[in-house]
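Take a look at the structure below.
In the working numbering, the protein residues as written are 136 to 466.
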């Protein structure tokens, strides 16, 4: 009876994450709709890549500034509510954009809002929870975010495939109506978080950084769960929080510097490839629903293999494994 009551209490405590997952579904779908929408408005592959790059740069200050504000505030919920409301507003602005430049600006605002919420979410999910349970709580957050993101992609794929046939809409109308629906979903997320989120005692960012570093050394879970938000701004915020220049200089051996230089190159390569990929697929004759299907399969593959690959990496030489993975991706 006690276990059942505890599970019920935990479920009620996390109900507000359904609201965040709903907003994340809107963001997940828009991550692919936006470049396709920009293409319909006349954007080139280069400009689509610029949209992706601008979104990344816009997200970084959002994560840093909002993270610092949340660290000083006694309440966290307003930050999530504002982030979801800004997400809804940015999606609505995107839906009425009439040029690729307007899409770029609205999308930058969207990712500023989404990235701003990332460090706050990491603090929220561990409030009132013993530090030994933090790794599990990060997993809960990723569960809601991951399935929200994937759900948004699936809905976008279904809508892109069926709407032209059922309603006789052209591609631009299909995408605009979907962006409006995504904005409504994010607004509904505001309502759910407002109703279900319980204000609890807060945990300081210093304690969070200290304990999460301990968890990361023991299991690596925080590195995968807390910082693997789509999006690097969350990584940037927590990296800056724990930055120690003396310690950094002591760790910077020649081998590490060479590895970091190589990592910079292959991450730049990933970005150069994936940024304009939707534009390339459309230019090669693929339809919007086919592009959606490809990205859904990619997300499903990542979700299905992530934990298994992590366990595999723990049993084998990570250098050979990473070299093999990069060589395979290069092919």
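Every residue, glycine too, gets a C-beta built ideally from N, C-alpha and C.
What you are looking at is a predicted structure, and each value in this text was computed from that prediction instead of being measured.
{"Query": "How many angstroms separate the CA atom of residue 347 from the CA atom of residue 255?", "Result": "Summary for residue 347: the model assigns pLDDT 48, below 50, so the residue's position carries little reliability, and this model does not support an answer."}
{"Query": "Is it true that the stretch 417 to 437 meets the stretch 151 to 158, where meeting means three or more beta-carbon pairs spaced less than 8 Å apart?", "Result": "no"}
{"Query": "Could you pull out every residue in the same chain whose Cβ sits closer than 6 Å to the Cβ of residue 197, ignoring the five residues on either side in sequence?", "Result": "247, 250, 251"}
{"Query": "Which class does residue 433 belong to by DSSP, given the choice of helix, strand or coil?", "Result": "helix"}
{"Query": "In whole angstroms, what is the alpha-carbon distance linking residue 199 and residue 328?", "Result": "23 Å"}
{"Query": "Quick one: what's got a C-beta closer than 6 Å to residue 453's C-beta in the same chain, skipping five residues either side?", "Result": "none"}
{"Query": "Determine the DSSP secondary structure at residue 333, reduced to helix, strand or coil.", "Result": "coil"}
{"Query": "Tell me whether residue 359 sits in a helix, a strand or coil according to DSSP, three-state version.", "Result": "Because the pLDDT of residue 359 is 38, which lies under 50, any placement of that residue in the model is unreliable, and the number read from its coordinates should be weighed accordingly. Correct three-state label for residue 359: helix."}
{"Query": "For residue 284, I'd like the list of residues in its chain whose CB is within less than 6 Å of its CB, leaving aside the five on either flank, ordered along the chain.", "Result": "159, 163"}
{"Query": "Could you give the first and the last residue of the continuous alpha helix (DSSP H) run that contains residue 268?", "Result": "It is not in any alpha helix (DSSP H) - residue 268 carries neither H nor E in the DSSP assignment."}
{"Query": "For residue 225, collect the residues of the same chain with a Cβ closer than 7 Å to its Cβ; drop the 5 residues on either side in sequence, then sort them by chain order.", "Result": "241, 244, 245, 248"}
{"Query": "Leaving out five residues before and five after residue 221 in sequence, what residues of the same chain have Cβ atoms less than 6 Å from its Cβ?", "Result": "248"}
{"Query": "Please tell me whether residue 310 and residue 417 are closer than 8 Å, where the distance is taken between their beta carbons.", "Result": "no"}
{"Query": "Between residue 239 and the rest of its own chain, which residues show a CB-CB distance below 6 Å, the 5 nearest in sequence each way excluded?", "Result": "186, 189"}
{"Query": "Please classify residue 175 as buried or exposed, where buried requires at least 16 other C-beta atoms within 10 Å of its C-beta.", "Result": "buried"}
{"Query": "Note down, in chain order, each residue of its chain lying with its Cβ closer than 7 Å to the Cβ of residue 306, except the 5 sequence neighbours on either side.", "Result": "175, 423"}
{"Query": "Would you check if the stretch 289 to 309 and the stretch 177 to 184 touch, i.e. whether three or more CB-CB distances between them fall below 8 Å?", "Result": "no"}
{"Query": "Have a look at residue 455 and residue 461 and give me their C-alpha separation to the nearest angstrom.", "Result": "10 Å"}
{"Query": "Using three-state DSSP, classify residue 464 as helix, strand or coil.", "Result": "helix"}
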